[in-house]
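**Q** Structure incoming, see below.
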């Protein structure tokens with residue numbers, strides 16, 4: 005666009021972070037709400053809290069269930085903006101529901117570093133969104149493989165004080 009001239013939509017096409025949710029909604033004919041978040045180092049915590057809040061307040065579907073699809077997606081930035089500590093390119097999708105068989109996820113805030121260290125180990129081991137998602141994905145894989153005891157793990161924003169204790173167990 006020329007300074008002072010008209011702004012062309014083709015000059016900023018796909019430049020907002022909620023573009024993908026819009027395209028998915030159009031492609032699938034889904035007219036339910038969609039949210040795109042930029043949670044920075046707390047992306048996992050922010051996304052899980054948003055999804056769980058949506059389940060509590062959201063649209064009720066067939067059989068009284070409330071469902072949400074939580075998608076984490078990261079893409080490395082172009083060369084001039086790329087950061088050495090940036091996440092690798094990846095995507096993970098989780099189907100969360102209020103009813104049915106499966107797993108239950110509980111999130112509890114933990115403000116005390118000593119309490120956190122006693123069950124989660126050093127916070128430094130969670131340095132990226134991928135690292136923060138791995139315990140959740142491992143626990144789900146363990147359940148799929150036959151493990152049935154509850155598992156707790158940390159969701160920690162790097163450099164942040166406090167964290168979330170997540171517990172995953174069979175839904176009762």
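Residue numbers (this note's numbering): 5 to 176. We put the CB at the ideal spot given by N, CA and C, even for glycine.
1. So is residue 76 buried or exposed if we call it buried at 16+ other beta carbons inside 10 Å?
2. What separation, rounded to the nearest whole angstrom, lies between the Cα atoms of residue 137 and residue 144?
3. Identify which residue in 91, 149, 55 and 25 has its Cα closest to the Cα of residue 44.
4. Give me the Cα-Cα distance between residue 79 and residue 30, rounded to the nearest whole angstrom.
5. Rounded to the nearest angstrom, what separates residue 97 and residue 28 at their Cα positions?
6. Here's the rule: buried if 16 or more other CB atoms are within 10 angstroms of the residue's CB, otherwise exposed. What is residue 85?
7. Using only alpha-carbon positions, find the residue among 133, 135, 107 and 35 that is nearest to residue 151.
8. Please work out which residues of its chain come closer than 6 Å, Cβ to Cβ, to residue 21, disregarding the five sequence neighbours upstream and downstream, and give them in chain order.
**A** Looking at the coordinates:
1. Within the chain shown, residue 76 is the residue found at index 72, counting from 1. Buried, by the Cβ-count rule.
2. The sequence position of residue 137 within the chain shown is 133, counting from 1. The sequence position of residue 144 within the chain shown is 140, counting from 1. Here the C-alpha atom of residue 137 lies approximately 11 Å from the C-alpha atom of residue 144.
3. Walking along the chain shown from the start, residue 44 turns up at place 40. That would be 91, whose Cα lies nearest to the Cα of residue 44.
4. For the purposes of this step, residue 79 is taken as residue 75 along the chain shown, with counting starting at 1. For the purposes of this step, residue 30 is taken as residue 26 along the chain shown, with counting starting at 1. Their Cα atoms are separated by approximately 22 Å.
5. Indexing the chain shown from 1 puts residue 97 at position 93. Indexing the chain shown from 1 puts residue 28 at position 24. CA-to-CA, the gap between residue 97 and residue 28 works out to about 13 Å.
6. Sequence index remark: in the chain shown, residue 85 carries index 81 (1-based). It counts as exposed.
7. For the purposes of this step, residue 151 is identified with residue 147 of the chain shown, where counting begins at 1. When only C-alpha atoms are compared, the closest one is 107.
8. Numbered from 1 along the chain shown, position 17 holds the residue referred to as residue 21. Closer than 6 Å at the Cβ level, and outside the excluded window around residue 21, lie 40 and 42.
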